[in-house]
Structures are given as structure tokens and as C-alpha cells.
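Down below is the structure, laid out as C-alpha cells.
In our numbering, the protein residues as written are 24 to 337.
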């Protein structure tokens with residue numbers, strides 16, 4: 024939907040104004056003010072943009088009833104209407120649906136399947152759930168991932184997550200990976216510009232932030248293919264090469280110049296339980312039995328604000 028605004032340098036005479044009726048064109052002095060797009064199935068706002076300003080996109084969860092992410096300067100519109108599993112420029116998942124299955128719109132279609140040691144865990148960085156990625160079998164085990172076909176092929180992209188290992192997890196045995204696929208889906212191999220990974224080791228039972236960045240424009244240059252000539256795909260996934268499992272939560276994919284804010288909620292009261300900022304650092308919110316805000320905590324769970332309620336007797 025487009026919202027127009029009348030912009031005039033000087034007052035316009037009534038006789039010079041073209042009154043708009045059904046089936047006619049608006050007066051040429053009207054100019055775009057807002058562009059608003061809605062999700063076709065839910066009616067939720069998918070994106071909005073002020074004229075000549077950056078795009079803001081929205082992701083909805085909890086059965087499409089609550090916003091779980093806001094993306095500034097990033098487009099979430101699926102590049103293929105026939106394949107919603109293929110992402111565009113930005114996405115996130117925190118596993119808050121509690122369902123370990125691929126094709127889940129509440130997890131923005133990230134690929135995950137509960138099987139064996141791979142499952143939803145009730146130990147979380149934010150919200151109620153995370154993903155338990157089991158120990159490596161035959162040298163490796165792949166965790167949740169998603170394939171993206173970004174519209175803007177000249178940008179750098181970031182894939183980030185919070186991870187938690189037990190003591191004794193091997194050095195550099197956990198990885199966050201961004202790899203380039205050609206438009207036909209074939210993986211580019213043996214090219215450092217087309218494969219980037221950040222490793223992590225023993226986090227001593229604490230949640231640790233990890234990120235990896237890939238320059239998609241540099242990938243095009245390394246292969247001698249202009250961004251306008253072929254749309255490369257980015258494959259974002261988690262990898263375990265250790266004999267121990269680990270937990271992963273709050274996964275994000277975005278352009279490096281985009282800002283993401285994510286939210287978790289109490290499923291019953293619909294009150295926010297955490298809000299994570301553009302750095303992926305959360306602020307936690309706790310409530311009393313009457314659903315009144317009780318504590319506000321920082322990302323280390325230190326108390327920033329405590330509230331008490333006293334009512335005057337009449």
C-alpha cells in the first residue's frame with residue numbers, strides 16, 4: 024500500500040487542482056510518503072518505508088500474533104513466493120515455538136529437525152527454548168541453518184548466535200559458517216572469499232556470543248562474476264565437530280549495516296520477557312503473580328531496576 028502526501032511550494036488555486044474520483048489519476052502534486060506491505064495470510068505488517076528512507080521489516084511469531092523481530096535497513100520479503108524456506112536479507116530464530124521441525128513459519132523456516140541428540144532444549148539464552156546440537160558422528164554434526172538469496176549482492180552479511188558448551192568442549196570444535204552457493208545451488212569450494220567460519224571452544228557453561236561475516240561483493244569479485252550478472256546464495260549454518268553436544272540460541276542473519284531488535288514473550292500473558300538490542304544483548308523482564316513488572320535485568324542477569332507496588336488504603 025502506498026500513502027501519498029500533497030506537497031506544495033505555494034498554495035494551489037482550487038481551479039488548478041484535479042479532484043480525484045474512482046478510476047481517475049491523483050493530482051500530480053501528490054508524492055509518496057509511506058510504503059506499507061502486509062503479510063497476505065495474517066494481515067500483519069511485513070514492512071514499511073518512509074519515502075527516501077530505509078526499509079523496516081517485521082517478523083511475527085507465536086502463531087503470527089506477536090512481533091518477534093524488527094529489522095531496520097533489511098528486506099525480509101521472500102525472493103521466491105513458491106519457496107518460503109529461502110530467505111532474503113534478514114532472519115532470526117530463537118526456537119520459541121518449541122517445535123523442532125523444518126518449514127515452521129514461527130521459526131522463519133530455519134531448517135531444523137529433532138532427531139537423536141538434536142532437539143529443542145528448555146535451557147535458553149532468552150525465552151524458554153534453545154537448540155541442543157548433539158555430539159559429532161563420523162566427525163561432524165550440522166545444526167540449524169537456512170539458505171538466503173539476498174537482493175543486495177554487493178553487501179557484507181553477518182550470521183550470529185549465542186552458544187553454550189559444557190567444560191571440556193574441544194578447542195575450535197564448534198563453528199558458525201557462511202558459505203556461498205551459485206545460483207544453480209552448487210557450492211563454491213576452495214575459495215576463501217566464498218567460505219567464512221568462526222570457531223568457538225569451551226565456554227565453561229556460560230552463554231557466549233559468536234558471529235561470522237562474509238563479503239558477498241568480494242565473493243563475486245573472486246569468481247569474476249558481477250553482482251548484477253548472477254544472484255549468489257548464502258548458506259548459514261551451525262557445525263559441531265566435538266564429542267560433546269552444545270546449545271545454540273538467538274540466531275540472526277543480516278546485512279552488517281542493518282539493525283535487528285528481537286523479542287520473547289510469556290506465552291500465556293503475552294508480556295515481553297526479553298528484548299535483545301542491535302548487538303544481540305538482551306534485557307530481561309520478570310513479573311509477579313499479578314503480571315506486574317517486578318525486575319529488569321541486564322544481559323548478565325544483574326538487576327538494573329526493581330519495582331515495588333504499594334496501594335493506599337481508603
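Note that CB positions come from ideal geometry on N, CA and C, so glycine has one too.
Remember, it's a predicted structure, so these values are computed and weren't measured experimentally.
In the DSSP annotation of this structure, the continuous segment of the beta strand (DSSP E) that includes residue 70 starts and ends at 68–73. Residue 154 places its beta carbon 8 Å or farther from that of residue 182. By the Cβ test, the stretch 70–81 is not in contact with the stretch 236–248, since fewer than three Cβ pairs between them sit closer than 8 Å. Measuring C-alpha to C-alpha distances from residue 327 to each of 113, 308 and 259 identifies 308 as the nearest. DSSP places residue 221 inside the beta strand (DSSP E), whose first and last residues are 218–223.
The residues 85, 89, 294, 295 and 296, in chain order, have a CB closer than 7 Å to that of residue 288 in the same chain once the five nearest residues on each side in sequence are set aside.
In the three-state reduction of the DSSP assignment, residue 196 falls in the coil class. DSSP, reduced to helix, strand and coil, places residue 130 within a helical segment of the structure shown.
Residue 184 sits in a strand when the DSSP states are folded into three classes. Here residue 175 is actually not in contact with residue 253; their C-beta atoms are around 14 Å apart, not less than 8 Å.
With a threshold of 16 other beta carbon atoms within 10 Å, residue 61 falls short and is exposed. Assigned with DSSP and collapsed to three states, residue 104 falls in coil, not helix or strand. Contact check for residue 125 against residue 116 fails: the beta carbons are separated by 8 Å or more.
In the structure shown, the three-state DSSP call for residue 89 is strand. Nearest to residue 227 by C-alpha distance, out of 267, 262 and 209, is 267.
In summary, residue 104 is exposed, with fewer than 16 beta-carbon neighbours lying within 10 Å of its beta-carbon over all protein chains present. Measuring C-alpha to C-alpha distances from residue 200 to each of 162, 276 and 96 identifies 276 as the nearest. Residue 134 places its beta carbon 8 Å or farther from that of residue 101. Collapsing the DSSP output to three states places residue 252 in coil. Cβ-Cβ separation between residue 68 and residue 58: approximately 11 Å, too far for a contact (criterion under 8 Å). Around the beta carbon of residue 187, a 10 Å sphere encloses 16 or more other beta carbons of the protein chains shown; the residue is thus reported as buried. Between the alpha carbons of residue 161 and residue 263 lies a gap of roughly 11 Å. Ranking 242, 127, 123 and 149 by CA distance to the CA of residue 140 puts 123 first. About 5 Å separates the Cβ atoms of residue 121 and residue 152, confirming a contact at the 8 Å cut-off. Sixteen is the threshold: since fewer than 16 other Cβ atoms of the shown chains lie within 10 Å of the Cβ of residue 213, the residue is exposed. For residue 148, the secondary structure class from DSSP, reduced to helix, strand or coil, is coil.
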